[in-house]
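Asks: Here it is, the structure, as structure tokens.
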Amino acid sequence: MNKKIMVIAGSPRKGGNSDLLCDELIRGADESGNITEKIYLNDLHILPCQACYGCRSTGKCVQKDDMANLLAKMIAADVIVLATPVYFYSMSGQMKTMIDRTLPCYTAIKNKDFYLIATAAAGAESMERAIESLRGFTDCLPGSRVRGVIYGAGVYLKGEVLKTTAMQEAFNAGKSI
Ligand SMILES: Cc1cc2nc3c(=O)[nH]c(=O)nc-3n(C[C@H](O)[C@H](O)[C@H](O)COP(=O)(O)O)c2cc1C
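Residue numbers for the sequence shown follow the working numbering, so the first one is 200 and each next one is one higher.
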């Protein structure tokens with residue numbers, strides 16, 4: 200109720216399977232009176248981390264792009280949803296690039312509830328490495344809790360997730376926030 204929910208959509212495919220699951224989670228969360236915002240990583244200009252460690256002394260990245268704004272939103276959120284398609288058993292490049300760029304102040308992303316969403320053509324077992332990598336990120340954040348994981352398994356073409364139970368799971372997850 201009345202929580203700020205930041206949904207980070209990591210697929211370049213708008214209206215694709217993970218995006219549809221994001222929308223269904225948002226629909227549930229809105230019904231429960233939360234404040235939701237979805238951002239498409241692919242619409243943002245986020246450069247890869249250069250490992251220059253300039254941020255160690257300043258707490259800021261030397262690269263001037265959209266990441267500072269996104270970091271501020273993540274820090275301000277109560278709940279963060281990370282949604283990614285499975286690409287070669289891992290998360291999308293857009294998602295990994297964003298995660299690496301939290302380095303300047305990832306410890307400030309604290310006490311958040313997380314929901315993880317993944318979609319893949321193969322079965323749920325093919326998604327574990329991607330989910331584990333997302334958990335690797337949340338494990339680095341103080342006080343983070345993964346409240347739910349939604350597996351959109353066996354979906355390849357845009358919209359195929361609509362006929363799966365993952366849609367209801369996404370709605371229920373949002374509604375329960
Ligand atoms: C570059 C690329 C790599 C992919 N690798 C995998 C994979 O390793 N395993 C799998 O099951 N599906 C793989 N897929 C299929 C996508 O995971 C699948 O189409 C998924 O539904 C896409 O989600 P989206 O609609 O949210 O983008 C791959 C697709 C692309 C474009």
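Glycine is no exception: its CB is placed at the ideal position from the N, C-alpha and C atoms.
Rank Leu246, Gly342, Met205 by C-alpha distance to the C-alpha of Tyr314 and give the top, closest one.
Replies: For Tyr314, the nearest C-alpha among the options comes from Met205.
Asks: Which two residues bound the contiguous alpha helix (DSSP H) that contains Ala369?
Replies: Residue range 365–374 is occupied by the alpha helix (DSSP H) that includes Ala369.
Asks: So if DSSP puts Ala208 in a beta bridge, which residue, or which two residues, is it bridged to?
Replies: Tyr239, Ala282
Asks: Give me the DSSP bridge partner(s) of Tyr314.
Replies: Val280, Gly347
Asks: Among Val345, Met326, Ile308, Asp218, which has the Cα closest to the Cα of Tyr239?
Replies: Asp218
Asks: Does the beta carbon of Ala369 fall short of 8 angstroms from some heavy atom of ligand 1?
Replies: no
Asks: By the DSSP assignment, the alpha helix (DSSP H) with Arg300 in it spans what residues?
Replies: Neither: Arg300 is in no alpha helix (DSSP H) and is coded neither H nor E.
Asks: Sorry if obvious, but does the Cβ on Arg212 come closer than 8 angstroms to a heavy atom of ligand 1?
Replies: Yes, ligand 1 has a heavy atom inside 8 angstroms of this Cβ.
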